[in-house]
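> First residue of the sequence shown: 444, per this note's numbering; consecutive thereafter.
Note that CB positions come from ideal geometry on N, CA and C, so glycine has one too.
All of these numbers come straight from a predicted model, not from anything done at the bench.
This is the structure I have questions about; it appears just below.
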Amino acid sequence: MKTICSADTDSRHPVNRIIRLGSDGIGGEYKSLRRNDQFVEAVDLSCREGSFVYSPFEGEISAWRPFDGNGQDEIGTPETKKNLAVCKPDRGVRIDGKGQWQGYHVLIGSVRLFRYSGNVHAGQKIGVALDIECGLKLNKPKMAYQRPRKEENFVRVYLNKEGRPIDPTHHLIDCLFFKKLG
């Protein structure tokens, strides 16, 4: 898999850094406890808001809603396209793999996409990272949502092979290892 997030606009420095377990017992590793008291079959990659998000492999891109519609839908609404500063974290991408990644699909959220369908190449810019704080607040509308510390912004990455979740960690680590050798 290629680098997924980079703040560098001129080159592709590997920044696939998984958010590790904190002192509060919350982490971004595969099947680790998240702030919503669930264990998630995904990894959270550190990714500053506004950083470019890239396709990890060649495939077919489509829009995906990470919060199952529990947010505001921006697709096709002219008013929301005018105001991108409004909190709209319910945006993401699904990429169905091609070539050596045939049978895999990846889900990445929260991402404001540059386009919502078509083919993408490995390493192609597909969007920018959104503010995850915004999404966490929307998912807890009836509670006074407070956190003990500022959440490090991230994109959440789910990897599936033939419809079953798999741990993407070694693919992300291999990406970093080979780029450092090259």
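1. Look up G471 in the DSSP assignment and say whether it is helix, strand or coil.
2. Who are D480's beta bridge partners in DSSP?
3. Does H613 pass the burial test, meaning 16 or more other C-beta atoms within 10 Å, or should it be called exposed?
4. Using a Cβ-Cβ cutoff of less than 7 Å, which residues in the same chain neighbour I462 once the five nearest sequence positions on both sides are dropped?
5. Does DSSP put L573 in a helix, a strand or coil?
6. Does DSSP classify I388 as helix, strand or coil?
7. For H548, is the classification buried or exposed, using 16 other Cβ atoms within 10 angstroms of its Cβ as the cut-off for buried?
8. Taking 6 Å as the cut-off, is the beta-carbon of G546 closer than that to any non-hydrogen atom of the ligand GTP?
9. Any idea if G535 is buried or exposed, counting beta-carbon neighbours within 10 angstroms, 16 or more meaning buried?
10. Does the distance from the C-beta atom of V563 to that of I504 stay below 7 Å?
11. What residue does the beta strand (DSSP E) around Y497 start on, and which one ends it?
12. Return helix, strand or coil for G707, following the three-state DSSP convention.
13. Grab me the residues of V483's own chain with a C-beta within less than 6 Å of its C-beta, minus the 5 sequence neighbours each way, in chain order.
14. Taking the continuous beta strand (DSSP E) assigned at I609, which residues delimit it?
15. Let me know the secondary structure DSSP gives L556 once reduced to three states.
16. Do G561 and F500 have their CB atoms nearer than 7 Å?
Taking the coordinates as given:
1. coil
2. In the DSSP output, where bridge partners are listed per residue, D480 has none listed.
3. exposed
4. G470, G471, D487, S489, E595 and F597
5. coil
6. Past the edges of the chain, shown from 444 to 625, lies residue 388, and the structure says nothing about it.
7. buried
8. Here there are no bound small molecules, and the ligand GTP is not part of this structure.
9. buried
10. yes
11. F495 to Y497
12. Look at the range of the chain in this structure, 444 to 625, and you will see that residue 707 is not part of it.
13. R477
14. R607 to I609
15. strand
16. no
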